[in-house]
Amino acid sequence: MAVRRWSSTRAVKVWLDVVLMLGGLATLVLLVWAMAAPIVMSLEEPIPADLSVAVAIGPHSALPRMPLQFEEIGDAGGARFHRPRLVWGYGELRTETFSWRLHFVGLGFHLIALLATLWAIWNLRQVVKTALAGEPFAPANSHRLRRIGFIILTVTLVAPLIEYQLGRYLLEQLSIEGLTLSPALRFSKDWLLGGLLFLVLASIFRHGTGLEEERALTV
0 MAVRRWSSTR AVKVWLDVVL MLGGLATLVL LVWAMAAPIV MSLEEPIPAD LSVAVAIGPH
60 SALPRMPLQF EEIGDAGGAR FHRPRLVWGY GELRTETFSW RLHFVGLGFH LIALLATLWA
120 IWNLRQVVKT ALAGEPFAPA NSHRLRRIGF IILTVTLVAP LIEYQLGRYL LEQLSIEGLT
180 LSPALRFSKD WLLGGLLFLV LASIFRHGTG LEEERALTV
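If you want it as structure tokens, here you go:
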């Protein structure tokens, strides 16, 4: 059982190392493109860049609701459907832009989110590293887990607000016919619960650290 536990922990550490390496490479690529975008998109024949924002179908972003046109079928005594409407309809609006400033805002948003994710992964890697060293309840681990929880909660709460403002600005510049679109404001319940779970784990580890210190003093 012990061999299986430690081999699994080492596998997790290797996986986190690979993710950090790939994430660092992606960050470098984004930084290079961010520095080159003002030049590339200001040429005589500029190269457009994709810009994507989350949109909601309907006039209200908090509760998107779009009435649908349909033909009623059935008699007065039969089963009939009334007022069909599309509720919680979300999509992604993608366009090309020659504005490097607007592209830079979207790129910076993704870059900050990526850096925060790498920071959380690095803290998790340190927790796994101390577990491999036989010190799972090292005093720093509770702080690392709490830091991960706050990173997840911050990104989960702030990212939708930034994306909402970006979508609002973009929709104000576009004239779209056929559907009523509004900027989407979506918060992920799963990530919120995940952040709270890390905060709970931090409290458990802090308690375990205290027990470990008491045991060391007793011995």
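For the sequence shown, the residue numbers in numbering that gives the first Met the number 0 are 0 to 218. Ideal placement from N, C-alpha and C gives every residue a C-beta, glycine not left out.
Assigned exposure category for residue i - 16 Cβ within 10 Å defines buried
{"i": "Trp14", "result": "exposed"}
{"i": "Glu43", "result": "exposed"}
{"i": "Glu162", "result": "buried"}
{"i": "Gly220", "result": "Residue numbering for the chain in the displayed model covers 0 to 218; residue 220 lies beyond these limits and cannot be assessed."}
{"i": "Pro182", "result": "buried"}
{"i": "Trp87", "result": "exposed"}
{"i": "Ile175", "result": "exposed"}
{"i": "Gly57", "result": "buried"}
{"i": "Phe97", "result": "exposed"}
{"i": "Pro63", "result": "buried"}
Minimum C-alpha distance to residue i - residue among the options
{"i": "Leu160", "options": "Arg84, Gly105, Arg124", "result": "Gly105"}
{"i": "Ala35", "options": "Phe103, Leu85, Met20", "result": "Phe103"}
{"i": "Leu117", "options": "Arg100, Ser98, Gly166, Arg146", "result": "Arg146"}
{"i": "Arg9", "options": "Leu123, Arg143, Gly23, Gly177", "result": "Leu123"}
{"i": "Lys188", "options": "Leu178, Leu173, Val154", "result": "Val154"}
{"i": "Leu210", "options": "Leu192, Met20, Pro182, Pro138", "result": "Pro138"}
{"i": "Leu156", "options": "Trp190, Phe97, Ala25", "result": "Trp190"}
{"i": "Leu101", "options": "Val18, Ser41, Val54, Met65", "result": "Ser41"}
{"i": "Ala53", "options": "Arg167, Val126, Arg84", "result": "Arg167"}
Contact set for residue i: own chain, Cβ-Cβ below 7 Å, skip 5 residues either direction
{"i": "Asp49", "result": "Arg93, Glu95"}
{"i": "Arg4", "result": "Low confidence applies to Arg4: its pLDDT is 48, below 50, so where it sits in the model is not reliable enough to give any reading."}
{"i": "Ser141", "result": "Ala201, Phe204, Arg205, Thr208"}
Counterpart residues of residue i in DSSP-defined beta bridges
{"i": "Tyr89", "result": "Ala55"}
{"i": "Ser181", "result": "Ala55"}
{"i": "Met20", "result": "Its beta-bridge partners do not exist; DSSP assigns none."}
{"i": "Asp49", "result": "Glu95"}
{"i": "Met65", "result": "Leu85"}
Same chain, Cβ closer than 8 Å to residue i, neighbours up to 5 away in sequence not counted
{"i": "Ala119", "result": "Arg146, Ile147, Ile150, Ile151"}
{"i": "Phe108", "result": "Ala158, Ile161, Glu162, Leu165"}
{"i": "Leu19", "result": "Leu117, Ile120, Trp121, Arg124"}
Residue i CB to nearest heavy atom of the ligand SAH below 6 Å
{"i": "Thr155", "result": "Looking at this structure, you won't find the ligand SAH or any other ligand, since it has none at all."}
Chain-order list of residues whose beta-carbon lies under 6 Å from that of residue i (same chain, five-residue window excluded)
{"i": "Ala1", "result": "Summary for Ala1: the model assigns pLDDT 43, below 50, so the residue's position carries little reliability; its value from the coordinates is reported in the next sentence. Within the same chain, Ala1 has no close Cβ partners at all."}
{"i": "Leu110", "result": "Leu29"}
{"i": "Arg307", "result": "It is not possible to answer for residue 307, since the shown part of the chain is limited to 0 through 218."}
CB contact check: residue i to chain C, cutoff 7 Å
{"i": "Ile203", "result": "Considering every chain present, this structure includes no chain C. It has just one protein chain."}
Quiz prompt | Contained beta strand (DSSP E) runs [length at least 3] in the stretch 88–153, N- to C-terminal order | solution = 89–96
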